[in-house]
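Participant: Take the position in the sequence shown, starting the count at 1, then add 1; the result is the number in our numbering.
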Amino acid sequence: SNTNNVKLLDTGTPGLVKVINGFTKNAYRTEFSRDGKRIFTASADSSAKIWDTETGELVADLNLRIGNIFSVNFSPDNKKILTTSYDGTAKIWNAETGELHYTFLAVDSSDYLVTGKHNQYDGSPAARKLIYFVCNDEVIWLDQVKDQLWVPNLAERINKGETINAKRLEDLELCGLTPATEEGDSKPGEYSFRVTPRRGGLGMIILYVNGIEARSYTPGQLFKNTGVYTLTVKKQEIQKYFIPGRENPVTVKAYTADNTISSRVVRITADEPNGVAATPNLYAVMVGISDYKGDELDLKYAAKDAIDISNAVKVAAKKLLNTDGKEHVFIYNLTTTANHYQLPEKNSIKKLLGEIGTKATANDILLIFFAGHGKMEGAKKQFYFLTADASPSAAALAIADVGISTTELTEWIKPAIVKAQKRVLIFDACNSGQAIRDFVKIGTTDQNYMSARGDEQGQQAKAIDKLNEQSGFFILSASASDQKAYELGRYSQGLLTYSLLKVLKQQPDILENGKYLDISRWFNAAGRTVSELSKENGARQQPQLITNTNFNIGVVDEEVIGNIVLAAEKPLFASSIFLNNDEAIGDDDLEISKMINSQLANFSSRGTDSKIVYITASNSPDAYQLSGRYDVTGNTLLLKVNIKQGREIKYRFEVTGRKDNLKGLAEIVVQQATEWIMKNK
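1. Sort 253, 128, 228 by Cα distance to residue 182 and report the nearest one.
2. From which residue to which residue does the alpha helix (DSSP H) around residue 499 run?
3. Only counting the same chain, and skipping five residues up and downstream in sequence, which positions put a Cβ closer than 7 Å to that of residue 113?
4. Once you ignore the five residues that flank residue 361 on each side, which residues in its own chain have a CB closer than 8 Å to its CB?
5. How many Å lie between residue 130 and residue 145 at the Cα?
6. Could you give the residue range of the beta strand (DSSP E) that holds residue 659?
7. Which residue from 551, 177, 92, 212 puts its Cα closest to that of residue 159?
8. If you measure between the beta carbons of residue 210 and residue 242, is that distance less than 8 Å?
9. Quick one: Cα of residue 218 to Cα of residue 205, how far?
10. In whole angstroms, what is the alpha-carbon distance linking residue 84 and residue 97?
11. Taking residue 117 as the reference, give the member of 556, 138, 150, 266 with the closest Cα.
12. Residue range of the alpha helix (DSSP H) that residue 411 falls in?
13. In this structure, how does DSSP classify residue 524 when only helix, strand and coil are distinguished?
14. Would you decide whether residue 356 is buried or exposed? Buried here means 16 or more other CB atoms lie within 10 Å of its CB.
15. Could you please give the first and the last residue of the uninterrupted alpha helix (DSSP H) stretch that includes residue 237?
16. Go ahead and pull the three-state DSSP assignment for residue 609.
17. Which whole-angstrom value describes the C-beta separation of residue 7 and residue 42, a residue pair presumed to lie in contact below a C-beta threshold of 8 Å?
18. Got a sec: is the Cβ-Cβ distance from residue 102 to anything in chain B below 8 Å?
19. For residue 203, I'd like the list of residues in its chain whose CB is within less than 8 Å of its CB, leaving aside the five on either flank, ordered along the chain.
20. What is the C-beta distance between residue 518 and residue 551, in whole angstroms, given that I count them as a contact (C-beta under 8 Å)?
21. Can you have a look at residue 75 and say buried or exposed, based on whether 16 or more other CB atoms are within 10 angstroms of its CB?
22. When the Cα atoms are used, what is the spatial distance from residue 226 to residue 133?
23. Residues in its own chain within less than 6 Å of residue 222 by CB, not counting five upstream and five downstream?
24. Can you list, in chain order, the residues of its chain with a C-beta nearer than 7 Å to that of residue 602? Leave out the 5 residues immediately preceding and following it.
25. Quick one: what's got a C-beta closer than 6 Å to residue 526's C-beta in the same chain, skipping five residues either side?
26. Between 428, 235, 201, which has its C-alpha nearest residue 188's C-alpha?
27. Does residue 86 come out as helix, strand or coil in the three-state DSSP assignment?
28. Do you know offhand how far residue 654's Cα is from residue 578's?
29. DSSP three-state label for residue 250, please.
30. Apart from the five residues just before and just after residue 103, which ones in its own chain have a Cβ nearer than 8 Å to its Cβ?
31. My output table needs one value for residue 299: the three-state DSSP class, helix, strand or coil.
32. Identify whether residue 312 lies in helix, strand or coil by the three-state DSSP scheme.
33. Can you check which of these residues, 80, 237, 302, is closest to residue 162 by C-alpha distance?
34. Can you tell me which of the three DSSP states residue 383 falls into?
35. Just to confirm before moving on: does the CB-CB distance between residue 73 and residue 30 stay below 8 Å?
36. What residue range does the alpha helix (DSSP H) around residue 346 cover?
Below, the structure is given as structure tokens:
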């Protein structure tokens, strides 16, 4: 309308139905709800309102100056309204109350920010670092209040109708609250910072080198003069964290007394211009345990998995790192195979990591691969990786002696001991997703930050962010905390290891610039493959991945691909279906299906020598199924067998046997079906 009102017309009958007034300037955008009971209007006076179409009465005034509206849409249930504006924002509103749910801002094609009505926020890591509040002449970055206002999955939770219990911006009273930090009077060979407490007092002071926490201090450890604290750090004390040939930012931030809100970061750039950019070393500890004490815990493929991953990583890493004629790739295979560096016992693993700690520099890469049994133990259900010392009784009664807990592993490889700033952990073990939960809990130590109550995923995301600040972890686990990690005879491999190798060999699109092995792309592709293959094989396994970092770990070329030998996939059989051909019976009264399934299971369970894999149900289009009907005449049974793959019958054959020897008949059926498939697959 070019006037200060909106006129409603009934298209079925001539004439004006209703005039809606209430605008100081013309209304330029309208939209009806899907049931026709409401109309949204936006006018040039920057107001937006919701009206009842039958009475013309105002239902809700959005009460926010929202700028020029580009588009309006009601949700299918008419309970929400989506508006987009020319300022680049999209907003979700309550259609009954006019309450703003949240605002979405696309920063660019890949980064975004979401803010709630109380300035709680979420978004991509890069976008979260761009936004700040202004309080008089003080600038407060979102990162300073992320422990309070950051609500991971904010939009998703609001859309589900969840209550957001995190702090609100107005609750924080940020003006003049956080400690003031600034560079001090640094002398040659040292770094000096001044910290002045303000209304919020002073808690922990954290020193970072290259973005990773190097040290933490209490106020009592700093020099204090007339209310100002001074932190002075000798360069030689933190030199071990520097990477030659590049800038090494040394930064400090200070928390309020309750350790909930931090100051702005103060940065001093430590240049190492005289150093040569060193080629990093890769230290890879590959642990694979197939042979435990006794036979009950033994696995078929764990040791083989460690060796296969070791071989692939070794060749690819050498092509990336050994370009200067020197050796930069150091692989340590701790497996239960005959050819190993050491046996994978607990003390051996601890000792080796300690030795690596004496060699590794900040520029290096640490990769640890665990394949074997994982177990959750104790009241807090902490994850333990069982070492070769383990037996069933020891695993039950003395797991601390034969298992490596996540707490222990974190202590063994913390940055103060193993200085490599790029670090990767791969757990191919049952319940290994609990390792991620445990590392997450470790990441929350002494931080005491607030998050929405009952929001486990949100707490995990925050703790991961904190953990990466502290240690720079990149963690891939084979399964969730309550899931098994499967060894599948079909692939002669653990499913995670098989998937890691499969995507290396068959998915060149994961490579950066067609050759560089990007660890994030590699792990994500392998995770998707694990999920797909586990479903096809009638199981459920969902790998877990956490990271805030990424880097290349090798070069993949024809040699690397050629060296990866994937086991020829064994034919997969699903449950059989047979019926008596007598219509008066119309059932499998002789239980032929059960007998044949039993033989399939028997053929499948012959260890690494088995030619087939049998599972009761499969979604795989490659799975075979035996089906058919049988006729009974006295003691003679004629079985007509179909070999089906998907919906297609691939082959038919008949078998004659005796009713009093159904087991022998079933064995012949499985034998003939297997032989035909092996010849014709």
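Every residue, glycine too, gets a C-beta built ideally from N, C-alpha and C.
Quick caveat: nothing in here was measured; it's all calculated off a predicted structure.
Facilitator: So, from the listed chains and residues:
1. Residue 182 sits at position 181 when you count from the first residue of the sequence shown. Closest option to residue 182, Cα to Cα, is 253.
2. Against the sequence shown, residue 499 aligns to sequence position 498. First-last of the alpha helix (DSSP H) with residue 499: 496-507.
3. In the sequence shown, the residue the question calls residue 113 occupies position 112. Answer for residue 113: 105, 106, 107, 124, 125, 128, listed in chain order.
4. Position 360 of the sequence shown, counting from 1, holds the residue named residue 361. Only 282, 284, 367, 419, 420, 421 meet the Cβ criterion.
5. Residue 130 sits at position 129 when you count from the first residue of the sequence shown. Residue 145 sits at position 144 when you count from the first residue of the sequence shown. Taking the straight line from one Cα to the other gives about 10 Å.
6. Sequence index remark: in the sequence shown, residue 659 carries index 658 (1-based). Segment 649-659, the beta strand (DSSP E) holding residue 659.
7. Taking the sequence shown and counting its residues from 1, one reaches residue 159 at position 158. For the residues 551, 177, 92, 212, the minimum Cα distance to residue 159 belongs to 92.
8. As a first step, residue 210 is located in the sequence shown; it is residue number 209 there, counting from the start. As a first step, residue 242 is located in the sequence shown; it is residue number 241 there, counting from the start. Yes. Within cutoff.
9. Position 217 of the sequence shown, counting from 1, holds the residue named residue 218. Position 204 of the sequence shown, counting from 1, holds the residue named residue 205. Taking the straight line joining both Cα atoms gives about 6 Å.
10. Numbered from 1 along the sequence shown, position 83 holds the residue referred to as residue 84. Numbered from 1 along the sequence shown, position 96 holds the residue referred to as residue 97. Taking the straight line from one Cα to the other gives about 15 Å.
11. As a first step, residue 117 must be located in the sequence shown, where it is residue number 116. Nearest option by C-alpha distance: 150.
12. Your numbering for residue 411 matches position 410 in the sequence shown. It spans 407-413 - the alpha helix (DSSP H) in which residue 411 sits, taken as one unbroken run.
13. Counting from one through the sequence shown, the residue named residue 524 turns up at place 523. In the structure shown, residue 524 sits in a helix (DSSP, three-state: H, G or I).
14. Here residue 356 is taken as the residue at index 355 of the sequence shown, counted from 1. Exposed: under 16 other Cβ atoms inside 10 Å.
15. Locating residue 237 in the sequence shown gives position 236, where the first residue counts as 1. Looking at the DSSP string, the run of the alpha helix (DSSP H) that includes residue 237 is 236-239.
16. Along the sequence shown, one-based indexing puts residue 609 at 608. Note that residue 609 scores a pLDDT of 49, beneath 50, so its modelled location is shaky and nothing firm can be said.
17. Locating residue 7 in the sequence shown gives position 6, counting from the first residue. Locating residue 42 in the sequence shown gives position 41, counting from the first residue. Right, the Cβ-Cβ distance comes to about 6 Å (below 8 Å), so this counts as a contact.
18. The structure shown contains no chain B; it is built from a single protein chain.
19. Indexing the sequence shown from 1 puts residue 203 at position 202. If we look at residue 203 and ignore the five residues flanking it on each side, its Cβ neighbours are 180, 196, 220, 230, 255, 256, 257, 258.
20. One-based indexing of the sequence shown puts residue 518 at position 517. One-based indexing of the sequence shown puts residue 551 at position 550. Incorrect: roughly 11 Å between the Cβ atoms, too far for contact.
21. In the sequence shown, the residue the question calls residue 75 occupies position 74. So residue 75 counts as buried.
22. Residue 226 sits at position 225 when you count from the first residue of the sequence shown. Residue 133 sits at position 132 when you count from the first residue of the sequence shown. One C-alpha to the other measures close to 31 Å.
23. Taking the first residue of the sequence shown as position 1, residue 222 is located at position 221. No residues qualify anywhere along the chain.
24. Counting from one through the sequence shown, the residue named residue 602 turns up at place 601. Result list for residue 602: 615, in chain order.
25. Along the sequence shown, read from residue 1 onward, the residue named residue 526 stands at position 525. Excluding positions up to five away in sequence, the list reads 504, 508, 511.
26. Residue 188 sits at position 187 when you count from the first residue of the sequence shown. The shortest Cα separation from residue 188 among 428, 235, 201 belongs to 235.
27. Indexing the sequence shown from 1 puts residue 86 at position 85. Three-state DSSP puts residue 86 in a strand.
28. As a working mapping, residue 654 is identified with position 653 in the sequence shown. As a working mapping, residue 578 is identified with position 577 in the sequence shown. If you take the alpha carbons of residue 654 and residue 578, they lie about 15 Å apart.
29. If you number the sequence shown from 1, residue 250 lands on position 249. Note: residue 250 maps to strand in three-state DSSP.
30. Working through the sequence shown from its first residue, we reach residue 103 at position 102. Result list for residue 103: 92, 93, 115, 116, 117, 118, 155, 156, 159, in chain order.
31. Along the sequence shown, read from residue 1 onward, the residue named residue 299 stands at position 298. Residue state, collapsed to three classes: coil.
32. The residue you call residue 312 lines up with position 311 of the sequence shown. Here residue 312 sits in helix by DSSP.
33. Along the sequence shown, one-based indexing puts residue 162 at 161. Closest by alpha carbon: 80.
34. Residue mapping note: residue 383 aligns to position 382 of the sequence shown, counting from 1. Strand at residue 383.
35. By 1-based counting over the sequence shown, the position of residue 73 is 72. By 1-based counting over the sequence shown, the position of residue 30 is 29. Yes, these two residues count as a Cβ contact at 8 Å.
36. For this step, residue 346 is matched to residue 345 along the sequence shown. No alpha helix (DSSP H) contains residue 346, which DSSP labels as neither H nor E.
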